[in-house]
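Each remark here refers to the structure printed beneath this line.
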Amino acid sequence: MVDTNQPELHRASAPIRVGVEVVVFTIRDESLHVLLAPADTAWHLPSDLVRPDEPLDVAARRALTDVAGASEVWLEQLYTFGDVARDPHARTISVAHYALVSADVVSDHADPRAQWWPVATLPQLMLDHRRIIDYALTRLRNKLAYTTVGFQLLPQRFTLSELQRVYEIILDRELDKRNFRRKVEMLGIVKPTREQRASITGRPAQLYRFVATEAPEVIGAPYPLTVAQSPVQIARISPVLRRRGRVVPVSPSEGNR
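Taking our numbering, the leading residue of the sequence shown gets 1, the next gets one more, and so forth.
Here it is, written out as structure tokens:
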């Protein structure tokens, strides 16, 4: 006769839970930040269990809305974390997502206890949430090289210096200004507007906008990108540019910090 009171058997027969975690990135105060909510002894990513009647992306947006107060942001599925011992309380498989949002989009959080934390100085985190954040950052850095995903962290009108700074903050290294602007110009992914931003240190800065439909090798949709659309996939910004079937080698002069 099987003793069903044994905790090991209870755990083995318990249903497997499926959850979602969302890594929300933004740029604040010249550094990459992630949104976290507090628990009793540690901080955690926006998360929840998937309901039986909802798709994974709907569950992820619900978890995001509960903490950030906004769901209309760019969101992509990241990875499935399913280590047996990742949650000591129950067998839980997590389908992680990551989201990118411009700092001017999300101002007030639905959870007033939630805070933006610099990725470089994260607090104590629950379960494997640090591993999820690290994986999301790696994905973001890799994707930055061949898509226009970085534009999700910018307002609709921006300067070329702001665009370059987004790349530098995410990659954690400085980029040569002249080389970077030459690459952006050759890709044809931005266009100047009729607007300028006043500067107290010099002449007004030209404002630009993202033009997905005029970028080479586009697979996305016209500007502005909406929540249902993916970033435009382009040739790598470094070290090779590809335009209209021609490969144009570029010698990068970026230096590490």
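Ideal Cβ placement from N, Cα and C applies to all residues, glycine included.
Open item on the list: Between which residues of its own chain and K177 is the CB-CB distance below 7 Å, once the five residues before and five after are set aside?
Closed with: The residues are Q164.
Task: alpha helix (DSSP H) segment containing S47, residue limits - done: In the DSSP assignment, S47 falls outside any alpha helix (DSSP H) and lies within the beta strand (DSSP E) extending over S47 to L49.
- [ ] Count the other CB atoms, across all protein chains shown, that sit within 10 Å of the CB of V195; report buried if there are 16 or more and exposed otherwise.
- [x] Here residue 195 turns out to be Glu, not Val, going by the sequence shown. Classification for E195: exposed.
TODO: For A103, name the three-state secondary structure that DSSP assigns.
DONE: coil
Task: Beta-carbon proximity check, L32 vs V101, cutoff 8 Å - done: no
Open item on the list: Rounding to the nearest angstrom, what Cα-Cα distance links P155 and P15 in this structure?
Closed with: 44 Å
Open item on the list: Which same chain residues end up closer than 7 Å to L45 when comparing Cβ atoms and leaving out the 5 residues on each side of it in sequence?
Closed with: E21, V22, V23, L36, H129 and I132
Open item on the list: Please tell me whether L64 and Y135 are closer than 8 Å, where the distance is taken between their beta carbons.
Closed with: no
TODO: Give the single residue among L140, L160, R62 and D172 whose Cα lies nearest to the Cα of N179.
DONE: Comparing Cα-Cα distances from N179 to each of L140, L160, R62 and D172, the minimum goes to L160.
TODO: Provide the residue span of the alpha helix (DSSP H) that contains F180, from first to last.
DONE: K177 to L187
- [ ] Might you give, ordered along the chain, the residues of its own chain that have their beta carbon closer than 6 Å to the beta carbon of R91, omitting 5 neighbours on each side?
- [x] I16
TODO: Output the distance between the C-alpha atoms of A85 and G19, rounded to the nearest integer angstrom.
DONE: 15 Å
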